[in-house]
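Chains as they are written, first to last, in our numbering: chain A, 1 to 266; chain B, 1001 to 1153.
No residue lacks a Cβ here, since even glycine has one placed at the ideal position from N, Cα and C.
Only a predicted model underlies this, so the values are computations on that prediction, with no experimental measurement involved.
Let me begin by presenting the structure, written as structure tokens, before commenting on it.
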Amino acid sequence: NGYPKEDLVESLPGQPKVGFRQYAGYVDVDLKNGRSLFYYFVEAVKDPDHMPLTLWLNGGPGCSSIGGGAFTELGPFYPKGDGRGLRRNSKSWNRASNLLFVESPAGVGWSYSNTTSDYDCGDDSTARDMLTFMLKWYEKFPEFKSRDLFLTGESYAGHYIPQFAVVLLDHNAHSTGFKFNIKGVAIGNPLLKLDRDIPATYEFFWSHGMISDEIGLAIMNDCNFEDYTYPSPHNATDSCNNAIEEANSIVGDYINNYDVILDVCY
Amino acid sequence: CMSYERRFYFNLPEVQKALHANRTKLPYSWSMCSNVLNYSNDDGNINMLPLLKRIIQNHIPVWIFSGDQDSVVPLLGSRTLVRELAHDLHFNVTVPYGAWFHKHQVGGWVTEYGNILTFATVRGAAHMVPYAQPSRALHLFSSFVRNRRLPNT
């Protein structure tokens, strides 16, 4: 089927036997600077030749799509308890789609650049590199060029994915040849707009009984998040700052903010 | 505790070899989040709603989903932002806010605007939705790629 034989992953150490194929390797996005992105591709369990392609990016910025997405969340395997093997994820999303995970931008996971200044990056350069990545990845997997493409991710992928989607749309608008066949965008717990997402944290603490009425109301009444810009401290009153400090202290270190009812892993 | 197991596994030389990874022998070990990036702090402030609007105007369905146990980017903010986006696009509610079901249990709550913009929660899920609720997450994803609504019965 024209897939790159050199990227075929025959079997991962300690991996249970499976019926689908996996590929992994590098795609050079800038030969001059030596910038290269690492990918991991998993075929769908059934009928991979007709299933769509889904790209998944994790958040951060700068966190691993392969470590987080593929091997912890929605990929076909989880690490075993001793860290020396893999166990099957029976609810892997490759039951519904072919899956593509990319370490992006360069500097994440095994993606790298030979030019130090490439590690000074941001949303714009990440999206442009991802466009180059996809065009070159399709050269490795030409069969997918016409396949339905879904763009997905979580957290800071709320930035990565929409900006990447718009870069692809711009490409489509200017291309007389190949066009990306984007069929959907799905993002989970996405950072979309900081001045709304930040106060939501304290509303969540308050509405879930994690902070008192007094502190919750103080934050909601005394803090103005509309002009919030990270990393500058926003123009807040002493009452607001004190309430936020107290809220964070009450929630404490024994609560995992990413999953507030999760037990601590000692 | 999977983060410890994952870090151990990915730093095994035989795993990197099997994955054709680390071909340049990087001077640091694999870690979940990068220690070498100098990512622009300012970019976190960019408002994504205009971009989502443009994506939708290109007739591409957008789903925003939220694990309801996450306090870092909680559903309370995402839900409001999706509603504001729908308002900006002059969309009507096409699926009124209500529960969706998975295996005879409530999988979460969902609403849809303009037949193209969906907001859904995943009950009992955290920031990493597919990790915390694998079965419900797969149901949501399957519905998304098949362009089907989440079941309300």
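Inset, instruction - Give me the Cβ distance between THR1121 (chain B) and ASP1042 (chain B), rounded to the nearest whole Å; I'm assuming they're in contact under 8 Å. - result: One-based indexing of the second sequence puts residue 1121 (chain B) at position 121. One-based indexing of the second sequence puts residue 1042 (chain B) at position 42. In fact, because the Cβ distance is near 30 Å, the residues do not count as touching under 8 Å.
Legend entry - Reference ARG95 (chain A), options A:LEU168, A:MET51, A:MET134, closest by Cα: As a working mapping, residue 95 (chain A) is identified with position 95 in the first sequence. Its Cα nearest to that of ARG95 (chain A), the residue A:MET51 stands out among A:LEU168, A:MET51, A:MET134.
Inset, instruction - Reducing DSSP to helix, strand and coil, say where PRO1096 (chain B) ends up. - result: Position 96 of the second sequence, counted from the start, is the residue given in the question as residue 1096 (chain B). Strand.
Inset, instruction - Using a Cβ cut-off of 8 Å (strictly closer), state whether GLN1105 (chain B) contacts chain A. - result: Mapped onto the second sequence, residue 1105 (chain B) falls at position 105. Taking 8 Å as the CB threshold, GLN1105 (chain B) stays off the interface with chain A.
Inset, instruction - Closer than 9 Å by beta-carbon distance: list the chain A residues that pair up with LEU1117 (chain B), in chain order. - result: Against the second sequence, residue 1117 (chain B) aligns to sequence position 117. Per Cβ cutoff of 9 Å: no residues; LEU1117 (chain B) is ~10 Å from chain A at best.
Legend entry - Beta-carbon proximity of ALA1018 (chain B) to LEU53 (chain A), cut-off 8 Å: For this step, residue 1018 (chain B) is matched to residue 18 along the second sequence. For this step, residue 53 (chain A) is matched to residue 53 along the first sequence. If you check the CB distance, ALA1018 (chain B) and LEU53 (chain A) do not come in under 8 Å.
Inset, instruction - Flag this pair as yes or no: are the beta carbons of ILE187 (chain A) and ILE161 (chain A) separated by less than 8 Å? - result: As a first step, residue 187 (chain A) must be located in the first sequence, where it is residue number 187. As a first step, residue 161 (chain A) must be located in the first sequence, where it is residue number 161. Annotated as proximal: ILE187 (chain A) and ILE161 (chain A), with beta-carbon spacing under 8 Å.
Legend entry - The alpha helix (DSSP H) enclosing PHE66 (chain A), as first and last residue numbers: The count along the first sequence starts at 1 and reaches residue 66 (chain A) at position 66. Here the sequence assigns Ile to residue 66 (chain A), which means Phe is not the residue at that position. Neither: ILE66 (chain A) is in no alpha helix (DSSP H) and is coded neither H nor E.
Inset, instruction - Kindly indicate if chain A contains any beta-carbon less than 8 Å away from that of CYS1093 (chain B). - result: The count along the second sequence starts at 1 and reaches residue 1093 (chain B) at position 93. At residue 1093 (chain B) the sequence reads Val, which differs from the Cys that was named. No, VAL1093 (chain B) does not count as interfacial toward chain A.
Legend entry - Buried or exposed (CB count within 10 angstroms, at least 16 for buried), LEU8 (chain A): By one-based count along the first sequence, residue 8 (chain A) stands at place 8. By the 10 Å Cβ count, LEU8 (chain A) comes out exposed.
Inset, instruction - Any chance you could list the beta strand (DSSP E) runs of at least 3 consecutive residues sitting entirely within the stretch 1007-1079 of chain B, in chain order? - result: The stretch 1007-1079 of chain B contains these whole beta strand (DSSP E) runs: 1062-1067.
Legend entry - PRO1061 (chain B) versus VAL185 (chain A) - alpha carbon distance: Within the second sequence, residue 1061 (chain B) is the residue found at index 61, counting from 1. Within the first sequence, residue 185 (chain A) is the residue found at index 185, counting from 1. Put simply, the backbone Cα of PRO1061 (chain B) is about 6 Å away from that of VAL185 (chain A).
Inset, instruction - Answer yes or no: do GLY83 (chain A) and TYR1009 (chain B) have a C-beta to C-beta separation smaller than 8 Å? - result: What you label residue 83 (chain A) is simply residue 83 of the first sequence in a count that begins at 1. What you label residue 1009 (chain B) is simply residue 9 of the second sequence in a count that begins at 1. Taking a C-beta distance under 8 Å as the contact criterion, GLY83 (chain A) and TYR1009 (chain B) qualify as a contact pair.
Inset, instruction - Please report the Cβ distance between THR20 (chain A) and PRO48 (chain A), rounded to the nearest whole angstrom; I am assuming they are in contact, meaning their Cβ atoms lie under 8 Å. - result: Taking the first residue of the first sequence as position 1, residue 20 (chain A) is located at position 20. Taking the first residue of the first sequence as position 1, residue 48 (chain A) is located at position 48. The sequence given here has Phe at residue 20 (chain A), not Thr. Contact flag correct, Cβ pair sits at about 7 Å.
Inset, instruction - Could you tell me the distance, in whole angstroms, from the CA atom of GLY1050 (chain B) to the CA atom of ALA247 (chain A)? - result: For the purposes of this step, residue 1050 (chain B) is taken as residue 50 along the second sequence, with counting starting at 1. For the purposes of this step, residue 247 (chain A) is taken as residue 247 along the first sequence, with counting starting at 1. The residue you asked about is not Gly; residue 1050 (chain B) is Pro in the sequence shown. C-alpha separation (whole angstroms): 32 Å.
Legend entry - CB contact flag (PHE101 (chain A), SER65 (chain A), <8 Å): In the first sequence, the residue the question calls residue 101 (chain A) occupies position 101. In the first sequence, the residue the question calls residue 65 (chain A) occupies position 65. Against a cut-off of 8 Å, the Cβ pair of SER65 (chain A) and PHE101 (chain A) comes out as a contact.
Inset, instruction - Give the C-beta separation of VAL97 (chain A) and PHE150 (chain A) to the nearest angstrom, bearing in mind that I take them to be a contact with Cβ-Cβ under 8 Å. - result: Along the first sequence, read from residue 1 onward, the residue named residue 97 (chain A) stands at position 97. Along the first sequence, read from residue 1 onward, the residue named residue 150 (chain A) stands at position 150. First, the residue type needs correcting, since residue 97 (chain A) is Ser and not Val in the sequence shown. Contact flag correct, Cβ pair sits at about 7 Å.
Legend entry - Three-way DSSP call (helix, strand, coil) for LYS183 (chain A) in this model: Position 183 of the first sequence holds residue 183 (chain A). Strand at LYS183 (chain A).
Inset, instruction - May I have a chain-ordered list of the beta strand (DSSP E) segments no shorter than 3 residues that lie completely inside the stretch 161-212 of chain A? - result: Complete beta strand (DSSP E) runs here, min 3: 182-188.
Legend entry - Bridge partner(s) assigned by DSSP for ALA24 (chain A): As a first step, residue 24 (chain A) must be located in the first sequence, where it is residue number 24. For ALA24 (chain A), which the question treats as bridged, DSSP gives the partners A:TYR40.
Inset, instruction - Check distances from the C-beta atoms of the stretch 92-111 of chain A to those of chain B and list, in chain order, the residues that come in under 8 Å. - result: For the stretch 92-111 of chain A, which is checked against every Cβ of chain B, the residues closer than 8 Å are SER92, TRP93, ARG95, ALA96, SER97, PRO105, GLY107, VAL108, GLY109, TRP110.
Legend entry - Other residues of its chain near LYS17 (chain A): CB distance less than 6 Å, five sequence neighbours each side excluded: Numbered from 1 along the first sequence, position 17 holds the residue referred to as residue 17 (chain A). Hits under 6 Å: none found.
Legend entry - Element boundaries [beta strand (DSSP E), containing LEU149 (chain A)]: By one-based count along the first sequence, residue 149 (chain A) stands at place 149. Here the beta strand (DSSP E) through LEU149 (chain A) covers 149-154.
Legend entry - C-beta contact flag for GLY1077 (chain B) and ARG196 (chain A) at 8 Å: By 1-based counting over the second sequence, the position of residue 1077 (chain B) is 77. By 1-based counting over the first sequence, the position of residue 196 (chain A) is 196. Contact flag set, yes.
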